[in-house]
């Protein structure tokens, strides 16, 4: 998967990404068709020159997956990629329900399909709001750099993707 590089991300936005790693994950009742992935590594935060990335592995061996969040500039949006064998039957630009906690109503999205070398098929979001109205993104405030919603980031329990009857839930830990 090729990633375009733009401006470096600000420390405040990177801190918001790191906050995603610090949330709890209580187990909820899940359907029998749900694939639940549990952490198999610590969160890794990379404050690179051209982007910030928060990443973690889930599952082991042939069932290994990776989840990462990225920013290329200060913004109220974040890019997200989830890759691994459980995403094999997911389709590109197909209605996908996305949810981050039990209190949040699942929201309709249309991610891209991709591939992460040595991990497998991926669902890729080039950028979205964690919370709020996804159609009302305003990063144009001249008085301060835009930031992720850290209050919402603190409420993240999991990342759940649903296409048709296929559900993949990553318990973020």
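Residue numbers (the working numbering): -7 to 165.
Glycine residues also receive a C-beta, built at the ideal position from the N, C-alpha and C atoms.
What you are looking at is a predicted structure, and each value in this text was computed from that prediction instead of being measured.
- If you draw a straight line from the Cα of residue 114 to the Cα of residue 140, it comes to about 23 Å.
- With contacts defined by Cβ atoms closer than 7 Å, residue 76 and residue 53 do not form a contacting pair.
- Counted as a single uninterrupted DSSP element, the stretch harbouring residue 101 is not any alpha helix (DSSP H) but the beta strand (DSSP E) occupying residues 99 to 101.
- Beta-bridge annotation (DSSP): residue 105 is paired with 115.
- When DSSP reads this structure, residue 95 sits in no beta bridge, so it has no partner.
- Residue 88 and residue 116 have their alpha carbons spaced roughly 11 Å apart.
- Under DSSP, residue 137 forms no beta bridge with any residue.
- Residue 64 and residue 160 have their alpha carbons spaced roughly 26 Å apart.
- Under the three-pair Cβ rule at 8 Å, the stretch 65 to 84 counts as touching the stretch 92 to 108.
- Residue 98 sits exposed, since fewer than 16 C-beta atoms from the chains shown fall within 10 Å of its C-beta.
- The secondary-structure analysis by DSSP pairs residue 71 across a beta bridge with 62.
- Rounded to whole angstroms, the Cβ separation of residue 32 and residue 49 is 5 Å, and the two are in contact under 8 Å.
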